[in-house]
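**Student:** Everything in the sequence shown is counted per the numbering used here, starting at 140 for the first residue and increasing by one.
C-beta atoms are modelled at their ideal positions from N, C-alpha and C, and glycine is treated no differently.
Sharing a structure with you now.
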Amino acid sequence: MKTFPQQNTGFPLVQLIDFAIRGDHRGSLIALETKREIPFAIARVYYVFGTQPGVVRGLHAHKTLRQVCVAVCGSLRMVLDNGFERAEVILNRPDKGLFIGPGVWIEMDNFSPDCVMMVLADAPYEEINYIRDKKQFLSYVHSSNR
Numbered sequence: 140m141k142t143f144p145q146q147n148t149g150f151p152l153v154q155l156i157d158f159a160i161r162g163d164h165r166g167s168l169i170a171l172e173t174k175r176e177i178p179f180a181i182a183r184v185y186y187v188f189g190t191q192p193g194v195v196r197g198l199h200a201h202k203t204l205r206q207v208c209v210a211v212c213g214s215l216r217m218v219l220d221n222g223f224e225r226a227e228v229i230l231n232r233p234d235k236g237l238f239i240g241p242g243v244w245i246e247m248d249n250f251s252p253d254c255v256m257m258v259l260a261d262a263p264y265e266e267i268n269y270i271r272d273k274k275q276f277l278s279y280v281h282s283s284n285r
């Protein structure tokens with residue numbers, strides 16, 4: 140997995156996180172806790188499911204939001220762009236999370252029919268945090284006023 144270093148912090152904007160699987164003959168369990176498996180305080184959790192074939196989701200970036208995406212069931216492809224480089228990640232395991240920092244354009248496609256993607260975010264929904272136009276996003280990441 141390619142990581143994009145974040146300007147001024149050295150912390151990657153995108154990285155895969157391995158979650159420990161616990162369980163026995165009865166089944167498996169993965170626990171996700173703030174500042175343990177998830178590198179921030181969790182303020183919002185939401186699910187994406189029932190995505191129809193051929194649909195592309197996302198098509199936005201966040202100015203400040205940090206999030207971890209997990210394919211709890213099924214699979215999907217995420218295309219990530221920090222304005223300088225692009226990376227593709229296939230999410231298809233519930234024990235892998237994809238950390239995405241601010242300033243990354245996100246596109247999601249190739250959802251399997253059974254895909255359920257859970258997202259843990261560090262802030263409540265605020266439309267002002269979104270950049271929904273790719274040209275505006277590129278201007279934003281290439282400006283020094285971030």
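What three-state label does DSSP hand ASN221 in the structure shown?
**Tutor:** In this structure, ASN221 counts as coil in the three-state DSSP scheme.
**Student:** From the DSSP output, in three-state form, read off LEU277 for me.
**Tutor:** In the structure shown, LEU277 sits in a helix (DSSP, three-state: H, G or I).
**Student:** What is the DSSP secondary structure of ILE270, reduced to helix, strand or coil?
**Tutor:** Here ILE270 sits in strand by DSSP.
**Student:** With burial defined as no fewer than 16 other Cβ atoms inside 10 Å of the residue's Cβ, what is the status of ASP157: buried or exposed?
**Tutor:** ASP157 should be labelled exposed.
**Student:** Cβ atoms of HIS199 and ILE270: under 8 angstroms apart, would you say?
**Tutor:** Against a cut-off of 8 angstroms, the Cβ pair of HIS199 and ILE270 comes out as a contact.
**Student:** Taking the CB atoms as reference points, tell me whether ARG161 and LEU171 lie closer together than 8 angstroms.
**Tutor:** Result no, Cβ atoms of ARG161 and LEU171 do not sit closer than 8 angstroms.
**Student:** Check whether the Cβ atoms of VAL258 and PHE188 sit closer than 8 angstroms, and answer yes or no.
**Tutor:** Cβ distance not < 8 angstroms, so VAL258 and PHE188 don't count as in contact.
**Student:** Considering only heavy atoms of the ligand HEM, does any lie closer than 7 angstroms to the CB of ARG196?
**Tutor:** The ligand HEM is not among the ligands present in this structure, which contains no ligands whatsoever.
**Student:** If you drop the 5 nearest sequence neighbours on each side, which residues of the same chain put their C-beta closer than 7 angstroms to that of PRO241?
**Tutor:** HIS201, LYS202, THR203, LEU204, ARG205.
**Student:** Thinking just about the alpha-carbon of each residue, which of ILE181, GLY197, THR173, ALA182 is nearest to the one in ASN249?
**Tutor:** The option with the nearest alpha carbon to ASN249 is GLY197.
**Student:** So what does DSSP say about ARG175, is it helix, strand or coil?
**Tutor:** ARG175 falls in the coil class under three-state DSSP.
**Student:** Nearest to PRO252 by alpha carbon, out of VAL184, VAL211, HIS164, ASP163?
**Tutor:** Per the Cα distances, VAL211.
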